[in-house]
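Here the structure comes first, spelled out in structure tokens, and everything after it is commentary.
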Amino acid sequence: MELDELRIFQAVLQEDGVTRAAARLHRVQSNVTTRLRQLEDKLGVPLFLREGKKLIPTEAGRRLGDYAERLLSLAEEARQAVASAEPAGSLRLGAMESTAASRLAPVLAGYHRRYPTVQLELQAGVSNDLRRAVLEGRLDAALISGPAGDERLDEALVFEETIVLVAAAGQRELSLRLLGETTLLTFGHGCAYRQRLEAWMQRQGVQPRRLVELGSYHAMLSCVASGMGLALLPQSLLDSMPLMAAQVSTHPLPADLGQAQTTLIRRRGLRQPALDALQRLLLGEEN
């Protein structure tokens, strides 16, 4: 069944005949009659008993009338939801764990207060995986490290991060020799900060003795504090965890490695009011 056929059927049912239904729909009577017959042929049952020019709904016609009303109402609701400029529906956002932990709480709290009807879902992950999820439609947008580097994506710079090496408390300086003898604590291969650290060490001609992958920054900082190894973290994350930060020492990186951009990526040309509103908050365009 097509929605247009249901609209014609509903008009005939409500107007008690083809003539007034055709006037209401701004159609010629022959078109209304033809479309009504086609609907009956599709369903395989008569919807009206015909007595001259009078149409009397059959039992099947009355039952279909209830469904037609609900289906047409739902279709109109869907049309308004899609066409509306007001944020609504669901929004699937991805973010690096460091960004989720240190940057997003006040933004998302403000967003929820302003747009309570939006169902926001947050998924943490590494940059490469988040970028892939946006491209494949599993996420509406994501906050990743660095530029997207893909013409299929729009991107907006939302945060500037200072990246530091983190070691156990009391560690005064980090020599190349020490870097080669230590254990590095990182996320998986898709982590942009891990790639940054590995590139820097390779440039220095240094290979770490051991590399251990961990699943959370809390675990990573705890291991660093206990003297297990070194990690590369954004300063904003440490600032958001002052008690944990007091148990470690921080060490600057060279200027070209010590600054990182966090960008919001989304499919190019995709209009989504809920995402547009979030982007405005992230960019500080709304208070």
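Residue numbers for the sequence shown follow full-length UniProt numbering, beginning at 1 and rising by one.
Don't be surprised by glycine CBs; every beta carbon is placed ideally from N, CA and C.
Model, not experiment: these values are computed from the prediction.
Problem set entry | Bridge-paired residues (DSSP) for Q119 | The count along the sequence shown starts at 1 and reaches residue 119 at position 119. In the DSSP output, where bridge partners are listed per residue, Q119 has S90.
Exercise. Who are the Cβ neighbours of D66 in its own chain at under 7 Å, not counting the five residues just before and after it?
Worked result: The residue given as residue 66 occupies position 66 in the sequence shown. Contacts found: none.
For this session: Excluding the 5 residues preceding and the 5 following Q235 in the sequence, name in chain order all residues of the same chain whose CB lies nearer than 6 Å to its CB.
Result: Counting from one through the sequence shown, the residue named residue 235 turns up at place 235. Closer than 6 Å at Cβ, skipping near neighbours: T162 and V164.
For this session: Give the DSSP-derived three-state secondary structure of P57 in the structure shown.
Result: Translated into the one-based positions of the sequence shown, residue 57 becomes position 57. Note: P57 maps to strand in three-state DSSP.
Problem set entry | Identified DSSP bridge partners for L178 | To locate residue 178, count along the sequence shown from 1; it is residue 178. The partner list for L178 (beta bridge, DSSP) is empty, contrary to what the question assumes.
Exercise. Relative to the C-alpha of C223, which residue among A78, T186, Q14 and L253 is closest?
Worked result: Taking the sequence shown and counting its residues from 1, one reaches residue 223 at position 223. Comparing Cα positions, the closest option is T186.
For this session: Kindly give me the distance between the Cβ atoms of V158 and L275, rounded to whole angstroms, as I take these residues to be in contact under 8 Å.
Result: Translated into the one-based positions of the sequence shown, residue 158 becomes position 158. Translated into the one-based positions of the sequence shown, residue 275 becomes position 275. Between L275 and V158 the Cβ distance is about 13 Å, and since that is not below 8 Å, they are no contact.
Exercise. Which same chain residues, not among the five before or five after S249, have their C-beta less than 6 Å away from its C-beta?
Worked result: What you label residue 249 is simply residue 249 of the sequence shown in a count that begins at 1. For S249, where only same-chain residues beyond five positions count, the Cβ hits under 6 Å are A167, A169 and Q171.
Exercise. Can you tell which of F48, G190, R114 and V134 has its C-alpha closest to the C-alpha of R152?
Worked result: In the sequence shown, counting from the first residue as 1, residue 152 sits at position 152. The candidate whose alpha carbon is nearest that of R152 is V134.
Exercise. What three-state label does DSSP hand A148 in the structure shown?
Worked result: For the purposes of this step, residue 148 is taken as the residue at position 148 of the sequence shown. A148 falls in the coil class under three-state DSSP.
Exercise. P252 bridges to which residues according to DSSP?
Worked result: As a first step, residue 252 must be located in the sequence shown, where it is residue number 252. BP columns for P252 point to V164.
Exercise. Can at least three beta-carbon pairs, one atom from the segment 195 to 203 and one from the segment 250 to 261, be found at a separation below 8 Å?
Worked result: yes
Exercise. Going along the chain, which unbroken runs of the beta strand (DSSP E) with 3 or more residues stay wholly within the segment 190 to 269?
Worked result: 210 to 213, 230 to 234, 248 to 252 and 259 to 267
Exercise. With a cut-off of 8 Å, do at least 3 Cβ pairs link the segment 118 to 137 to the segment 95 to 103?
Worked result: yes
Problem set entry | heavy atom of the ligand GTP below 7 Å from L237 C-beta | Because no ligand of any kind appears in the structure shown, any question about the ligand GTP cannot be addressed here.
Problem set entry | According to DSSP, residues forming a beta bridge with E51 | As a working mapping, residue 51 is identified with position 51 in the sequence shown. DSSP output for E51 lists K54 as bridge partner(s).
Problem set entry | Paired residues, beta bridge with L157 - DSSP | Counting from one through the sequence shown, the residue named residue 157 turns up at place 157. Paired residue(s): T263.
For this session: Assign G215 to one of two classes, buried (16 or more other C-beta atoms within 10 Å of its C-beta) or exposed (fewer than that).
Result: Taking the sequence shown and counting its residues from 1, one reaches residue 215 at position 215. Exposed.
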